[in-house]
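Numbering (the numbering used here), first residue to last: 220 to 458.
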């Protein structure tokens, strides 16, 4: 198996290392680049905790703000690990998606104890703000980074897809899925979908790639990287 990894380079590198240990080849080909936004003020007045829905968010926050004594709730284990690596000690993971995070907040957090600040990018997956506001929380959001779509595919990825070296692709969000499909069309490689297994973090991701006829569409049992990894390893043993 040779898997194309489409997350930003920092996140893909960790998964690539794990896959290599299982004998799976990888090519890192992000569909988006992460750009920190300059001159954005972070106001923590009255904030009891941070909400992190992407590791890119906590990276951007940690680079801008020295506070590490504030509680953090993350959407998944990967973002929780990055948060701890940045020096935060009070970190809790929802081990799932935005809905899981909202449920974790409802169980853990007293709305009267202060606001919750969502460290976000310019594109949001799900409507966490409305969900928490409906629960009675003081939800705030600060946009610290942009996940900018790449306009071209690298020559390396184009060649490996074109000659059939790549046998599968991992996709983590509906936006990334749509961008990858667009890239295949743009590069004249949409026909290659019929030779690829596509590994999707969720049913929403699978729906976003349904416009192409893939060799096989495989969806993680849970919306987590560990679950997606298990799906990949399972498929690798049956090839």
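All residues carry an ideal CB built from backbone N, CA and C; glycine is no exception.
Alpha carbon of residue i to alpha carbon of residue j, nearest angstrom
i, j, result
"residue 325", "residue 443", "20 Å"
"residue 336", "residue 242", "41 Å"
"residue 245", "residue 222", "5 Å"
"residue 428", "residue 358", "32 Å"
"residue 298", "residue 450", "20 Å"
"residue 321", "residue 350", "7 Å"
"residue 379", "residue 434", "17 Å"
"residue 269", "residue 407", "43 Å"
"residue 384", "residue 287", "44 Å"
"residue 227", "residue 354", "33 Å"
"residue 389", "residue 260", "35 Å"
Cβ-Cβ separation, residue j to residue i (assumed contact under 8 Å), whole Å
i, j, result
"residue 232", "residue 247", "7 Å"
"residue 274", "residue 338", "Actually they do not touch by this definition, with Cβ atoms about 10 Å apart."
Where the beta strand (DSSP E) containing residue i begins and where it ends
i, result
"residue 268", "266-271"
"residue 312", "310-312"
Extent of the continuous alpha helix (DSSP H) run through residue i
i, result
"residue 400", "393-405"
"residue 223", "Not the alpha helix (DSSP H): residue 223 falls in the beta strand (DSSP E), residues 221-224."
"residue 290", "Segment 290-293 is the beta strand (DSSP E) holding residue 290; no alpha helix (DSSP H) there."
"residue 280", "274-283"
Beta-bridge pairing of residue i - partner residues as DSSP gives them
i, result
"residue 253", "366"
message: With a threshold of 8 Å, are at least 3 pairs of Cβ atoms found where one atom belongs to the region 417-428 and the other to the region 385-396?
response: yes
contact_flag[the region 396-407, the region 280-291] where n(CB pairs < 8 Å) is 3 or more: no
- prompt: With contact counted as at least three CB pairs below 8 Å, one residue from each stretch, are the region 251-269 and the region 332-351 in contact?
  reply: These segments touch.
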